[in-house]
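Just below is one structure, and these are the notes that go with it.
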Amino acid sequence: MIRRLLASVREYKTASFLAPLFVVCEVILEVIIPMLMANLIDYGINKSNMPYIIQIGVTLVVCCLCSLTFGALAGKFAAKAAAGFAKNLRKDMYYNVQNFSFSNIDKFSTSSLVTRLTTDVANVQNAYMMIVRTAFRSPAMIVFSLIMAFRINSEVALVLLGVIPVLAIGFVLIFSNAHPIFEKVFKTYDKLNNIVGENLHGIRVVKSFVREEHEDKKFKNVSQEIYELFIKAEKIIIFNMPLMQFVIYISMILIAWFSSHLIVSAHNDPALGMTTGQLTSMISYLMQMLMNLMMLSMIFMMIIISRASMERIDEVLQEVSDLKNGDNPIYKVKDGSVKFNGVSFSYNGSDKFCLSDVDINIKSGETVGIIGGTGSSKSSLVQLIPRLYDATKGKVLVGGVDVRDYDLETLRNEVVMVLQKNVLFSGTIKENLRWGNPEANDEDIVRVCKLAQADDFIEKFPDKYDTYIEQGGTNVSGGQKQRLCIARALLKKPKILILDDSTSAVDTKTDALIRKAFAEEIPDTTKFIIAQRISSVEDADKIIVLDSGKVNGFGTPAELMKSNKIYREVYESQVKGGNDDE
Amino acid sequence: MSKAAVKAKPDTKKVTENTSAKTNGKSENIPQGGPGGKPQMPKIDSKTVKRLLSYIFSHYKMRFFLVLICIVVSSVVNVISSMFLKTLIDSYIMPLVEQTNPDFAKLTKALTTMACVYACGIFAAYLYQRLMISISQGVLKRVRDEMFEHMQSLPIRYFDTHTHGDIMSYYTNDADTLRQMISQSIPQVFNSIITIVAVFCGMLYTSWYLTIVVVLFVFIQMVVVKNVGGRSGKYFIGQQQSLGKVNGYIEEMITGQKVVKVFCHEEEAKEEFDKLNEELYESAYNANQFANMLMPIMANIGNLQYAVIAIVGAILALSGIGTITVGAIVSFLQLSKSFSMPIAQVSQQFNSIIMALAGAQRIFTLMDEESEVDDGYVTLVNAKREGDKLVECEERTGLWAWKHPHGDGTTTYTELKGDVRLFDVDFGYVPEKIVLHNVKIYAEPGQKVAFVGATGAGKTTITNLINRFYDIADGKIRYDGININKIKKADLRRSLGMVLQETNLFTGSIMDNIRYGKLDATDEECIEAAKLANAHDFISRLPDGYDTMIDGTGGSLSQGQRQLLSIARAAVADPPVMILDEATSSIDTRTESLVTKGMDSLMHGRTVFVIAHRLSTVKNSDVIMVLELGRIIERGNHQQLIAEKGKYYQLYTGAFELE
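For the protein sequence lines, the chains are A and B, in the order given.
Mapping of the first sequence onto this note's numbering: position 529 corresponds to residue 930, and the numbering continues sequentially without gaps.
Mapping of the second sequence onto this note's numbering: position 450 corresponds to residue 498, and the numbering continues sequentially without gaps.
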């Protein structure tokens, strides 16, 4: 998985290599500096050798400046590498999402995709930067410190070597015990946030049922759970610092003990053995090494933590669209005839079909109404035509050809669907409409808007066709939005037009005008109209009555009125009251 | 340090994830800046600090005091340990070096003493962290609980005027920064300050000449922090802005992904994304670049300081000014190292403290919001009939009465019937803009009263007034003859069943959700209610039936099914008055007519207020009120209104668009 993610580093490979390179340079200098300092004390201060002091002092200053430069450069390249990696990750994910089929999209919720593209990438970015900067630094620091320590005095340096496993085992024990508890804490946090969220959305329900106390109790239970879990986890984590201090202090005492013996026997003469200056360096190396061990353990933790994010990103990258063009795709749709040939369909590919055994034949240019109760799979049926989903069993034919044999883009340019959950994007009305056809000129736009009965209200806006639509189309009413969406679809001049409950918020009169315009202006286009309102479909050529995923009736309205119970019931529940009185 | 990394990271992530899921918030996903990342500098409000500290002191005074002691002990040990090297070299090693037969007994003793001191330090460090856990978690739990409890008591107005995303972030982001501040920043800053003071004293004690050098370097460090940190802070703001843009774009596009696909608009979507993504990269690169540079720069200034001190120290020692020894220089060097570290730490913590205080302030603002006032004194009690008098009783009798205590000490009981009358009611959500004018409504027990009108005509507003989600500006509302201002809100609402268009279900089983209407309802009662709402059929078809788990958004259930559930939930509560606000809008007409049959029996004997878009839903009402711009323009039953040939007639014949 990590390798797959790393493939997104691409053009930032150079930066990713330069950063650790400069880090290593910095480390070398940082290790040399204490050595120079030891010399300064031993040969300079102790020997009262002023020229030497100046000489070493200047060298030290130069080293510091170099180290500073290297450090800054390392930081710069690390930032570049990480930011670039994040950019590419976002890009790769986003591009892949664009390839998703509808069933791929269904698999991830919108909010989860957004989180993956933002928060998760940010986590990985931070971890990557940390790794580039410190993953080399810390081990290098540890190794160099050890080497230098051994060069000073191998016996005393053994102490350093001895504490590494103690610390490492300690860290591993602490983290491995605390980590599962933290995982639980975060799950519980989700629960808490969920309660808050539900209460925010449902505050009217809570208040009208007078359930404030009930909710309080629910919240406090979870809150208590978090409290206890957190304390439990932190109780383990706080052993970190004492452990660290314990190791530092113990090694200091041991080093002090051994070194003083050595220094005394060498009479503090560098030629004979150990000196006080070397003791100071030794302590410096000890501190450097331990600090870096701690850093290493932190990186380790960060990788573990960002693992969840990495997995979530990888899931998106790995998701392969299940709709593919055939080997020799057809680029021309002959006409708008549609044929369902023994079609069964289920969203997850299981055999619990939400559509079963649909056999329907529709001629090009016909208007087809589809009615049926909530959950009778009306939308599922029409979504198979532009191949938003593939039929699980059977075949869907458009213009006499299996939809799977068409080039996807060709098919979707000819079969346009106005979705039930339709969306306008932030931008002007014109910009939104041009989604249908980027080259459309103003006359085209006005023409389709007139067809969709949208021209009237657009003309009433102060900015007319340049009126800015807010994100999600919040500044137009539901009925206006639906009409704009229809206009957008018409601009494509499709052979088949599908309206999935697209006029529900439009009043019956306008609804009738739209249908009339369709019949007059685009008679050759096959039109599918899903509607709750019987009046929207009663003048259709054919009507499909769906009931729990099965075709319950198919025929002209007049035929169905005679033969189909459901159709009659729906008709009566809506139309009857119009001309009689109870 | 590692503690911070372990905790802070993942839960900020989880928390933000959740926030964005709930609120579509754009700003929540922005990770906080690294070291030196300072957004606008809000002022530290001393009131907020005081209030926050009062949470600590009111419950954890002793413990907090102990923590302070422990921190002092631990810092002192730290300083001693830096000074130890000097003592070791000057007082033990150097004299021994001179001796021909060195006696190590004294050295052993000194080291043993040091070991004891260190043990104290370790113990103190452990103890203060251990205590800090219970303090910080305890305070947080209290803040959380109080915040939620208070939130529940706020009037609906608050929820209508604040976005859910904002409120949500009090629980997530703000509470989180607060936790980090209490458990990490406060002790660390305190620790650092003590260390700085102690080390400074140690340095002065060792050599005040060299101390001047150190002070000089501290000054340089400050300047660097200000410049580099400030620059990175500026870019971090930029990063947050571009992140917000990218988030917004991704959200818009992914929400409309299916439309993108239907229109084969993928390429254009990519193009725009690339542009925004590149911008984000630029600002993230710049921001982190400066943040990353800060640490090596600081560290090397520390090294530089080390070198300069060594040189100056050597010069001093050689020239004999300030009588400085070799051991003194060595230990001063050590001290100077312990000095720059806490300074760097404090400068880093400073930002997070400011951010946490800003969060605390937001939380306190929520807590200071005024609760819903309830000065009602008329309560709802179970009653039974004794002769022709109503008597209060304990058990559930199915008969309810308003218990009305009077000023003269007497109490009267009025039977709960469901008679609701509005007299000349005016109302506006804001005083300047009246949305309801002069509304008169008489709903007799058992009547079905319908409201019809365009969005914004004031239909829902009327129901908001009846259950006192909002209070009227002028006029009077009487419930069974009692002014509703005198009725305790909880009792008033208990007597009103609400079914709203937005069906808000809660995480739990379907059974739990139905039982929400009446917490002590038996399974049978719930199932009965579900049957009444026509929900039983689809529930039985679910794999786990009534035990099917659902979450707040209802996920697997269709909008229509959720509406059926919320009708069942209201049915089980069995209230004398019901308010149905677009309760069946997502149920298809055929199912609706089935539900209506159940609803009719449900509504039997109850006063029902119905708001519906679909006229077939309201046709059989006793009274239909047509509202326009906050006024009732027509009233009467279906036949009368049709005969009137007014607005209702136009609506009914489809000549008019309801929006």
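By construction, the Cβ of each residue, glycine as well, lies at the ideal position given by its N, Cα and C atoms.
Worksheet item: Assuming residue 864/A contacts residue 780/A under a Cβ cut-off of 8 Å, what Cβ separation, rounded to an integer in Å, is found between them?
Response: 34 Å between Cβ atoms; not a contact.
Worksheet item: By Cβ distance below 8 Å, which residues in the same chain neighbour residue 434/A in space, the five residues on each side in sequence not counted?
Response: Its chain contains 461, 464, 465 and 468 as the residues whose beta carbon lies nearer than 8 Å to that of residue 434/A, once the 5 sequence neighbours on both sides are disregarded; these appear in chain order.
Practice prompt. Could you pull out every unbroken alpha helix (DSSP H) segment of at least 4 residues lying fully inside the segment 103-177 of chain B, listed in chain order?
Written response: List check, alpha helix (DSSP H) in window: 142-146.
Worksheet item: Applying the criterion that 16 or more other CB atoms from any shown protein chain within 10 Å of the CB defines a buried residue, is residue 85/B buried or exposed?
Response: Bear in mind that a pLDDT of 36 at residue 85/B, under 50, signals an unreliable position, so the model cannot answer this.
Worksheet item: Do you know how far the Cα of residue 424/A is from the Cα of residue 171/B?
Response: Going by the C-alpha atoms only, they are around 36 Å apart.
Discussion item. For residue 766/A and residue 927/A, which I take to be in contact (beta-carbon distance under 8 Å), what is that distance rounded to the nearest angstrom?
Written reply: Taking a contact as a CB-CB distance under 8 Å, the pair residue 766/A and residue 927/A counts as one, their CB atoms being some 6 Å apart.
Discussion item. Against chain A, with Cβ distances strictly below 8 Å, would residue 560/B count as a contact?
Written reply: With 8 Å as the cut-off, residue 560/B does not count as an interface residue toward chain A.
Practice prompt. Answer with buried or exposed for residue 724/B, where buried requires no fewer than 16 other C-beta atoms within 10 angstroms of its C-beta.
Written response: With chain B covering only 49 through 707, there is no way to say anything about residue 724/B.
Discussion item. Less than 8 Å between CB atoms is the rule here; does residue 781/A satisfy it with respect to chain B?
Written reply: Answer no: the Cβ-Cβ gap between residue 781/A and chain B never drops below 8 Å.
Fill in: Environment of residue 699/B [buried if 16+ CB atoms lie within 10 Å]
The residue is buried, with at least 16 neighbouring Cβ atoms inside 10 Å.
Worksheet item: Can you find a CB in chain A that lies within less than 8 Å of the CB of residue 81/B?
Response: Any answer about residue 81/B is weak, because its pLDDT of 36 lies below 50 and its placement is not dependable; what the coordinates show is given next. Among the residues facing chain A, residue 81/B is not included, as its CB has no counterpart in that chain under 8 Å away.
Discussion item. According to DSSP, residue 469/B sits in a beta bridge with which residue or residues?
Written reply: Bridge partners of residue 469/B: 490/B and 526/B.
Worksheet item: Does DSSP put residue 440/B in a helix, in a strand, or in coil?
Response: Here DSSP, grouped into helix, strand and coil, assigns residue 440/B to strand.
Practice prompt. Go through the segment 704-770 of chain A residue by residue and report every complete run of the beta strand (DSSP E) that reaches 3 residues or more, in order.
Written response: Correct list: 739-746 and 756-763.
Discussion item. For residue 439/A, tell me which candidate among 379/B, 491/B and 546/B has the shortest Cα-Cα distance.
Written reply: The shortest C-alpha separation from residue 439/A is found at 379/B.
Worksheet item: Exposed or buried, residue 177/B, counting other C-beta atoms within 10 Å across all chains shown (16 or more means buried)?
Response: Taking all protein chains shown into account, residue 177/B has 16 or more neighbouring C-beta atoms within 10 Å of its C-beta and is therefore buried.
Practice prompt. Could you check what DSSP says for residue 449/B in three-state terms: helix, strand or coil?
Written response: Assignment of residue 449/B by DSSP, reduced to helix, strand and coil, places it in the strand class.
Worksheet entry | Proximity of residue 693/A and residue 808/A at Cβ, strictly below 8 Å | Taking 8 Å as the Cβ cut-off, residue 693/A and residue 808/A do not qualify as a contacting pair.
Discussion item. If distances are taken between C-alpha atoms only, which option among 553/A, 923/A, 414/A and 592/A comes closest to residue 679/A?
Written reply: When C-alpha distances from residue 679/A are compared across 553/A, 923/A, 414/A and 592/A, the shortest belongs to 553/A.
Worksheet item: When the cut-off is 8 Å and only beta carbons count, does residue 425/A lie next to chain B?
Response: For residue 425/A, the answer is no, since every Cβ of chain B falls outside 8 Å of its Cβ.
Worksheet item: Is the segment 578-590 of chain A close to the segment 626-633 of chain A, with three or more CB pairs under 8 Å?
Response: Yes, since at least three Cβ pairs between the segment 578-590 of chain A and the segment 626-633 of chain A fall closer than 8 Å, the two stretches touch.
Worksheet item: Just how far apart, CA to CA, sit residue 321/B and residue 302/B?
Response: Distance between the alpha carbons of residue 321/B and residue 302/B: 12 Å.
Worksheet item: Thinking just about the alpha-carbon of each residue, which of 476/B, 490/B and 525/B is nearest to the one in residue 509/B?
Response: Answer by Cα proximity: 476/B.
Discussion item. Using 8 Å as the threshold, is the C-beta distance between residue 180/B and residue 120/B below it?
Written reply: Taking the C-beta atoms as reference points, residue 120/B is found no nearer than 8 Å to residue 180/B.
Worksheet item: How would you list, in chain order, the residues of chain B whose beta-carbon sits under 7 Å from the beta-carbon of residue 611/A?
Response: Scanning chain B for C-beta atoms nearer than 7 Å to the C-beta of residue 611/A yields 538, 541 and 542, reported in chain order.
Discussion item. Quick check on residue 448/A: does DSSP put it in helix, strand or coil?
Written reply: DSSP places residue 448/A outside both helix and strand once states are collapsed to three, so it counts as coil.
Worksheet entry | Cβ-based neighbour list, residue 768/A, same chain, cut-off 6 Å, excluding 5 preceding and 5 following | In the same chain as residue 768/A, and ignoring 5 residues on each side of it, the C-beta atoms closer than 6 Å to its own belong to 928, 941 and 942, in chain order.
Discussion item. Would you say residue 219/B lies against chain A (beta-carbon separation less than 8 Å)?
Written reply: It does; some Cβ of chain A falls within 8 Å.
Worksheet item: With a CB to CB cut of under 6 Å and the five nearest residues on each side skipped, what residues in its chain are close to residue 110/B?
Response: Around residue 110/B: no qualifying Cβ.
Item to complete: Could you please tell me which residues of the segment 759-774 of chain A, in chain order, have their CB closer than 9 Å to any CB of chain B?
Response: For the segment 759-774 of chain A, the beta-carbon criterion of a distance under 9 Å to any beta-carbon of chain B is satisfied by 772, 773 and 774.
Discussion item. For residue 980/A, would you say it is in contact with chain B, using Cβ-to-Cβ distances shorter than 8 Å as the test?
Written reply: With a pLDDT of 39 at residue 980/A, under the threshold of 50, the predicted position of this residue should be treated as unreliable, though the coordinate-derived value follows. With 8 Å as the cut-off, residue 980/A does not count as an interface residue toward chain B.
Fill in: Straight-line gap, residue 967/A to residue 712/A (C-alpha atoms, nearest Å)
Going from the Cα of residue 967/A to the Cα of residue 712/A covers about 49 Å.
Worksheet item: Is residue 474/B helix, strand or coil by DSSP?
Response: Strand.
Worksheet entry | Cutoff 7 Å; reference residue 850/A; Cβ partners in own chain excluding five residues on either side | For residue 850/A, where only same-chain residues beyond five positions count, the Cβ hits under 7 Å are 856, 859 and 888.
Worksheet item: Rounded to a whole number of angstroms, what is the C-alpha to C-alpha distance between residue 963/A and residue 932/A?
Response: Taking the straight line from one Cα to the other gives about 20 Å.
Worksheet item: How would you list, in chain order, the residues of chain B whose beta-carbon sits under 7 Å from the beta-carbon of residue 927/A?
Response: Here the premise fails: no neighbours, minimum Cβ distance about 16 Å.
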